[in-house]
């Protein structure tokens, strides 16, 4: 190996890495309607329907810290993580599988807590747990979730569908989960050596809930279907708003303009950011794990979308050559940048 | 937590653990044709077809040792592990997703090797890589593979389908992958301190190949389809023959008799076992990761199955009350026992 070239993963970044590793993989089966490059793969099922499949891995020490993450919440969140990618295809989640790696230090009761959270989320979302396995882990807890959903083929929303002049819409508000994590990390540092730690969370319960028990926005997909709105593109906010907008721009070969003062940010998010001398807009732009949905609709649907009362219009799609920008209230343009490989 | 009961995972064993964790999970969607409890979940797709979905996680230090496992082989094997569960449903694998956790120590070139093995296996099996993600791992390499396949609903083989008097059939031979692993572990111990280790593998190449680069038996599923043989039940050998026979007995509420002298064992397996003062039959009964297929067919199909030339008939299904036994050449019956939780 010594005379071989060695490239660090950080040089490519997460998305560059996946592109590099999967280049040359060409779908061979006619049932593969969409392979890599979206929130989920799309597989033919009957003449008009499709099944979407997506998989995610959550690793202890990277994606969650068991010193403050209750296992019941973690189980719930794992389901949200998987199902959110299904929803982002405008599909209805129906099945999940859970594959665990657990250290022998973990008790059966602890795992039961994890599964109670999984079951709670499954019941809330109408999803069936249909499989999985459990094996020993040398190190920390490893949770893999595969989620399967279903949609009419013509209703499926691909990232690549965004068109010039489309409106960019976002559900809920952003930065809350990120600030929830900051709060938990702060209290962990502060209370590190105490025998009976009493963390101070008062006034920020919403932020904790958004980080520890985020809801998958199935309600949005249902409302869009009722209103017969098929977005031109959609993605969920798992890596941060900037990163997701750039993913749509890359897939649809377009540009985007996002208006800073239109980005929805909750009061608690702003309050905690100020208390921690952080910028709430940075939290909203770069904070991942929000599981809100970002989607685009034709300009003509502006009123219809606003009437839903569930969505903010934060910008619009431009030509690819125009680039992807955040527009500040004073009118300056800031290049949107994606977060790098999480380490 | 201090006054809560604490049950060790080892007390329940792997299968008992999964049963315990998933009890109370009832499928709610009519598209869920089969949930937990088989090699893969079965999901409706069109009126006559079904999609099967299965997921597995491979953990460094548990499922593979990178000191002797070439990454290209590991990629190949990961595909085999996933696809084998699809085949065991009598379905044809069509798509996989790969989700990785990688430490920053790993170079892009190393990951490219892993993906070359994945691509090689995908091409050999006619399978499309349709998704996945890569995230940082604090510890070792984590590989999750989800495999999706397709079959006519009426062709799907469930473990529960085995009937009284059915013949128990096995493809290939058993214990080879297990002895391959023993050989690699022995050479690792012996060469531990050497600067230029030269492991001695001569004469045992087949065993190494069976452990490092096992083939998924898609050929068997194709031949069975050509011959219009639909097994009454099927399972792949991932945890060992004894364990798999017991799984079928449990699902089908039946007993089984396996004849020791009918179990196919390769010459190299026997030779290495003797050299290492081990029992080749124990390797064949308990050795996992063989990825051969174990299936049952009605007694009337005996000649048809034997004519395939690809399968050994090693026993038959009995009443549940008769239990599950290994019958030795001298006529004594030994209770079949499953391996415990891998630690």
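Residue numbers (this note's numbering), protein chains in the order written: chain L, 1 to 343; chain A, 1 to 343. From the three backbone atoms N, C-alpha and C, an ideal C-beta is built for every residue, glycine too.
Check	Outcome
Which of helix, strand or coil DSSP assigns to residue 144 of chain L	strand
Those runs of the beta strand (DSSP E) which lie wholly inside the region 314 to 340 of chain L and span at least 3 residues	324 to 327 and 333 to 335
C-beta contact flag for residue 106 of chain L and residue 9 of chain A at 9 Å	yes
Residue 259 of chain A - containing beta strand (DSSP E), residue span	254 to 259
Same chain, Cβ closer than 6 Å to residue 285 of chain A, five either side skipped, listed in chain order	241 and 242
Test item: CB-CB of residue 36 of chain L and residue 140 of chain A under 9 Å	no
Start and end residues, beta strand (DSSP E) containing residue 128 of chain L	128 to 131
Among L:304, L:113, L:249 and L:253, nearest to residue 338 of chain L - alpha-carbon criterion	L:249
Residue 75 of chain L versus L:11, L:42, L:115 and L:210, residue with shortest Cα-Cα distance	L:115
Nearest residue (CA-CA) to residue 154 of chain L, options L:123, L:278 and L:43	L:43
Length-filtered (3 minimum) beta strand (DSSP E) runs lying within the region 48 to 78 of chain L	49 to 59
Partner residues on chain A for residue 21 of chain L, Cβ-Cβ distance less than 7 Å	111, 112 and 115
Which residues DSSP lists as bridging residue 93 of chain L, in chain order	L:149
Pick from A:78, A:232 and A:13 that is closest to residue 90 of chain A, judged by C-alpha positions	A:232
DSSP three-state assignment for residue 187 of chain L, whether helix, strand or coil	helix
Residue ranges of each beta strand (DSSP E) within the region 163 to 227 of chain L, 3 or longer	167 to 171
The region 156 to 165 of chain L in contact with the region 63 to 82 of chain L per 3-pair CB rule at 8 Å	no
Between the CA atoms of residue 136 of chain L and residue 103 of chain A - distance to the nearest angstrom	19 Å
Residues near residue 353 of chain A in its chain [Cβ-Cβ closer than 7 Å; skip 5 each side]	Residue 353 of chain A is absent from the structure shown; chain A starts at 1 and stops at 343.
Segment contact, 8 Å Cβ cut-off, at least three pairs: the region 256 to 270 of chain A with the region 168 to 179 of chain A	yes
Within 9 Å of chain L by C-beta, residues of the region 237 to 249 of chain A in sequence order	none
Contacts around residue 57 of chain A, its chain only, beta-carbon distance under 6 Å, and the 5 residues preceding and following it disregarded	144
Through-space distance from residue 239 of chain L to residue 275 of chain L, alpha-carbon basis	24 Å
C-alpha distance - residue 182 of chain L paired with residue 18 of chain L, whole-angstrom precision	28 Å
Contacts that residue 140 of chain L makes with chain A (C-beta to C-beta distance below 8 Å)	138 and 139
Interfacial residues, the region 283 to 301 of chain A to chain L, with Cβ spacing under 9 Å	none
Sequence-distant residues of its chain with Cβ nearer than 7 Å to residue 279 of chain L (five each side left out)	273
CB of residue 52 of chain A within 9 Å of CB of residue 221 of chain A, strictly	no
Simplified DSSP assignment, three categories, for residue 229 of chain A	coil
Identified DSSP bridge partners for residue 44 of chain L	L:50
Presumed contact (8 Å Cβ cut-off) between residue 142 of chain A and residue 83 of chain A, rounded CB distance	In fact, because the Cβ distance is near 19 Å, the residues do not count as touching under 8 Å.
Cβ neighbours of residue 295 of chain L in the same chain (closer than 6 Å, five flanking residues each side left out)	169, 231 and 234
Span of the beta strand (DSSP E), counted from its first residue to its last, around residue 154 of chain A	Careful: residue 154 of chain A lies outside any beta strand (DSSP E) and carries neither H nor E.
Minimum Cβ-Cβ distance from residue 233 of chain A to chain L less than 9 Å	no
Contact check, residue 308 of chain L vs residue 281 of chain L, beta carbons under 9 Å	no
C-beta contact flag for residue 129 of chain A and residue 122 of chain A at 9 Å	yes
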